[in-house]
Amino acid sequence: GKELIILGLESSCDDTAAAILRQPDGGPAEILASVVHGQNDLHAAFGGVVPEIAARAHAEKLDICVEEALAASGVALRDLDAIAVTAGPGLIGGVMSGVMCAKGLAAGLNIPLVGVNHLAGHALTPRLTDQVAFPYLMLLVSGGHCQFLIARGPDDFTRLGGTIDDAPGEAFDKTARLLGLPQPGGPSVEQAAKDGDSARFAFPRPLLDRPGCDLSFSGLKTALLRARDALVTDQGGLTEQDRNDLCASFQAAVADVLAKKTARTIAAYLEDAPAEPLLAVAGGVAANQTIRAALETVCAQMGVGFTAPPLALCTDNAAMIAFAGLERFRGGHRDDMRLAARPRWPL
Ligand code: KG4
Ligand code: ZN
């Protein structure tokens, strides 16, 4: 073993990112630089991410992100020991842009390439930020995903349950769209909810009546649509207070469902848990303060540790990809020019 310096690239959705990490053998990894270029402006007019526009923007921005990460870290290309890249799951054009860029760099520098699963990047983040030891329970909650996992190793995850339809981030984005709030919906709905009454609308808590760790969010979306339409019919439109109340009531329902299902999952996990059980959350929706607080309360009540990454490492970034790459690399994993971009890649 020795000190390693790794470059990570991320381009699977609508953020282009590059990061450089240094890790002494046996020591914690240090983020030397983490650059993220979002694409919100490019997709704003379409109310969602347009894959073709995203792929072109990634292809343009990847080199710039790499240059900025090198400059910010003071690391030279020749200092790099390996290149990690998101190889899936995600929008295929974006993933291909990143994989091509990584292959070019790895071939030019004659250093190894490590393909990383984007979800593993999120799921391993607590090891980067808090040096959390395996195994731990993970709630991965983002724009495309919602699942409970036991993380046992960098390539070893057991899925306990997850959403049977939409991801919560998707529901936040849809809610924002229905209410005319800007994308991405999570932060704008959270902001509006601050001045709203979470008890005004009684939104459903799907699947709470059923045992197990599965979740559902599509009914919640429909309920919000109905409540909005009823207000429009009655009043001819929505006031700002209506909007805030809808957001607060929606967010409370999501937080409640996540907290109650997390409690159930923890109870199942505790039957065969390590001495110091811990729940970690990751993914874009983990940036939500109401949801974080609800999960933290459940953990405190059940005597389980809780950790959530800082906000910038909850949403998409390349530091998590570089770190997941480091973990795989240290475990002996190497990819070559045959590394494929995968639109689907379950953990
Ligand atoms: O992890 P992420 O950046 O991308 C993936 O989906 O992999 O997550 C993005 C999602 C979006 O749906 C966004 O609306 C949501 O995370 N999000 C939030 C918040 N910040 C981002 N949802 C709720 N509250 C937030 N503060
Ligand atoms: Zn993500």
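If you count the sequence shown from 1, you need to add 119 to reach my numbering.
By construction, the Cβ of each residue, glycine as well, lies at the ideal position given by its N, Cα and C atoms.
Note that this is a predicted model, so its numbers are computed, not measured.
*Do Gly92 and Ala286 have their C-beta atoms within less than 7 Å of each other?*
As displayed, the chain neither begins before 120 nor continues past 466, which places residue 92 out of reach and without an answer.
*Classify Gln370 as buried or exposed, calling it buried when 16 or more other Cβ atoms lie within 10 Å of its own Cβ.*
The count along the sequence shown starts at 1 and reaches residue 370 at position 251. The residue is buried, with at least 16 neighbouring Cβ atoms inside 10 Å.
*Whose CB is closer than 5 Å to a heavy atom of the ligand ZN? List the residues in chain order.*
Ser261 and Asp435
*Are the Cβ atoms of Lys422 and Leu397 separated by less than 7 Å?*
Locating residue 422 in the sequence shown gives position 303, where the first residue counts as 1. Locating residue 397 in the sequence shown gives position 278, where the first residue counts as 1. In the sequence as displayed, the identity of residue 422 is Gly instead of Lys. Contact: no.
*What residue range is occupied by the uninterrupted alpha helix (DSSP H) comprising Leu466?*
Position 347 of the sequence shown, counting from 1, holds the residue named residue 466. Judged by DSSP secondary structure, Leu466 falls outside any alpha helix (DSSP H); it is assigned neither H nor E.
*asked:* DSSP three-state label for Asp328, please.
replied: As a working note, residue 328 is residue 209 in the sequence shown. In this structure, Asp328 counts as coil in the three-state DSSP scheme.
_Buried or exposed (CB count within 10 angstroms, at least 16 for buried), Val351_ = Locating residue 351 in the sequence shown gives position 232, counting from the first residue. Answer is exposed; the Cβ neighbour count stays below 16.
*Would you check whether the ligand KG4 has a heavy atom nearer than 6 Å to the C-beta of Glu129?*
As a position in the sequence shown, residue 129 is number 10, starting the count at 1. Distances between the C-beta of Glu129 and the heavy atoms of the ligand KG4 are all 6 Å or more.
*Going along the chain, which unbroken runs of the alpha helix (DSSP H) with 4 or more residues stay wholly within the region 239-311?*
As far as the region 239-311 is concerned, its whole alpha helix (DSSP H) runs of at least 4 residues are 287-297.
*Return the residue from the list Gln354, Gly331, Leu365 and Gly240 that minimises the CA-CA distance to Arg296.*
For the purposes of this step, residue 296 is taken as the residue at position 177 of the sequence shown. Of Gln354, Gly331, Leu365 and Gly240, the residue nearest in Cα terms is Leu365.
_Residues that DSSP places opposite Leu335 in a beta bridge_ = Within the sequence shown, residue 335 is the residue found at index 216, counting from 1. One detail in the question is off: residue 335 reads as Ser in this sequence, not Leu. Ser335 is not bridged to any residue.
*Helix, strand or coil for Asp198 per DSSP?*
Translated into positions along the sequence shown, residue 198 becomes position 79. Secondary structure of Asp198 (DSSP, three-state): helix.
*According to the Cβ coordinates, are Cys184 and Ala148 closer than 7 Å?*
Numbered from 1 along the sequence shown, position 65 holds the residue referred to as residue 184. Numbered from 1 along the sequence shown, position 29 holds the residue referred to as residue 148. No, they are not a contact pair.
*Taking just the CA atoms, how far does Gln420 sit from Leu232?*
For this step, residue 232 is matched to residue 113 along the sequence shown. For this step, residue 420 is matched to residue 301 along the sequence shown. In a straight line, the C-alpha of Leu232 is about 44 Å away from that of Gln420.
*According to DSSP, is Val216 helix, strand or coil?*
Stepping through the sequence shown from its first residue, residue 216 is reached at position 97. Here residue 216 turns out to be Ser, not Val, going by the sequence shown. Under the three-state reduction of DSSP, Ser216 is assigned to helix.
*asked:* In whole angstroms, give me the CA-to-CA distance for Val373 and Gly304.
replied: Translated into the one-based positions of the sequence shown, residue 373 becomes position 254. Translated into the one-based positions of the sequence shown, residue 304 becomes position 185. About 14 Å.
*asked:* Looking at Gly127: is its Cβ nearer than 7 Å to the Cβ of Ala203?
replied: Sequence index remark: in the sequence shown, residue 127 carries index 8 (1-based). Sequence index remark: in the sequence shown, residue 203 carries index 84 (1-based). For the pair Gly127 and Ala203, the CB atoms are nearer than the 7 Å cut-off.
*How many Å lie between Pro462 and Glu129 at the Cα?*
Sequence index remark: in the sequence shown, residue 462 carries index 343 (1-based). Sequence index remark: in the sequence shown, residue 129 carries index 10 (1-based). When only Cα atoms are considered, Pro462 and Glu129 end up about 14 Å apart.
*asked:* Let me check you understand the geometry: is the CB of Pro303 closer than 6 Å to at least one non-hydrogen atom of the ligand KG4?
replied: Stepping through the sequence shown from its first residue, residue 303 is reached at position 184. Within the cutoff, so yes.
*Beta carbon of Thr426, beta carbon of Pro245: below 7 Å?*
Within the sequence shown, numbered from 1, the residue matching residue 426 stands at position 307. Within the sequence shown, numbered from 1, the residue matching residue 245 stands at position 126. A contact, by the Cβ cut-off of 7 Å.
_Suppose contacts are defined by Cβ-Cβ distances below 7 Å. Is Pro273 in contact with Gly450 by that definition?_
Along the sequence shown, one-based indexing puts residue 273 at 154. Along the sequence shown, one-based indexing puts residue 450 at 331. Yes. Within cutoff.
*Round the Cβ separation of Ala270 and Ala242 to the nearest angstrom and send it over; I've been treating them as touching at under 8 Å.*
Here residue 270 is taken as the residue at index 151 of the sequence shown, counted from 1. Here residue 242 is taken as the residue at index 123 of the sequence shown, counted from 1. Confirmed, about 6 Å.
*What are the uninterrupted segments assigned as beta strand (DSSP E) that are 3 or more residues long and contained completely in the region 389-465, given in chain order?*
Correct list: 397-401 and 424-426.
*Alpha carbon to alpha carbon, what distance is there between Cys265 and Ser335?*
As a first step, residue 335 must be located in the sequence shown, where it is residue number 216. As a first step, residue 265 must be located in the sequence shown, where it is residue number 146. Rounded to the nearest angstrom, the two C-alpha atoms are 9 Å apart.
*Kindly examine the ligand KG4 and report whether one of its heavy atoms sits closer than 6 Å to the Cβ of Cys366.*
For the purposes of this step, residue 366 is taken as residue 247 along the sequence shown, with counting starting at 1. Answer for Cys366: no, Cβ out of range of the ligand KG4.
*Report whether the distance from the Cβ of Ala406 to the nearest heavy atom of the ligand NAP is below 6 Å.*
Absence of the ligand NAP is noted for the structure shown, with the ligand KG4 and the ligand ZN being the only ligands found.
*Count the other CB atoms, across all protein chains shown, that sit within 10 Å of the CB of Pro428; report buried if there are 16 or more and exposed otherwise.*
Counted from its first residue, the sequence shown places residue 428 at position 309. Buried, since its Cβ has 16 or more Cβ neighbours within 10 Å.
*Sorry if obvious, but does the Cβ on Glu309 come closer than 6 Å to a heavy atom of the ligand KG4?*
Along the sequence shown, one-based indexing puts residue 309 at 190. Correct: Glu309 has its Cβ closer than 6 Å to the ligand KG4.
*In the DSSP assignment, what residue or residues form a beta bridge with Ile150?*
Stepping through the sequence shown from its first residue, residue 150 is reached at position 31. Its beta-bridge partners are Leu140.
*asked:* Given 6 Å as the limit, tell me if Phe291 has its C-beta closer than that to any heavy atom belonging to the ligand KG4.
replied: Numbered from 1 along the sequence shown, position 172 holds the residue referred to as residue 291. Answer for Phe291: yes, Cβ within range of the ligand KG4.
_Closer than 6 Å: Gly263 CB and nearest the ligand KG4 heavy atom_ = As a first step, residue 263 must be located in the sequence shown, where it is residue number 144. For the ligand KG4, at least one heavy atom lies less than 6 Å from the Cβ of Gly263.
*Going straight from the alpha carbon of Gln310 to that of Pro301, what length do you get?*
Position 191 of the sequence shown, counted from the first residue, corresponds to residue 310. Position 182 of the sequence shown, counted from the first residue, corresponds to residue 301. If you take the alpha carbons of Gln310 and Pro301, they lie about 11 Å apart.
*In terms of residue numbering, what span does the alpha helix (DSSP H) encompassing Ile183 cover?*
Locating residue 183 in the sequence shown gives position 64, where the first residue counts as 1. Looking at the DSSP string, the run of the alpha helix (DSSP H) that includes Ile183 is Pro170 to Ser192.
*Would you mind stating whether Gly403 and Gly234 have Cβ atoms separated by less than 7 Å?*
Counting from one through the sequence shown, the residue named residue 403 turns up at place 284. Counting from one through the sequence shown, the residue named residue 234 turns up at place 115. Their beta carbons are not under 7 Å apart, which means Gly403 does not touch Gly234 by this criterion.
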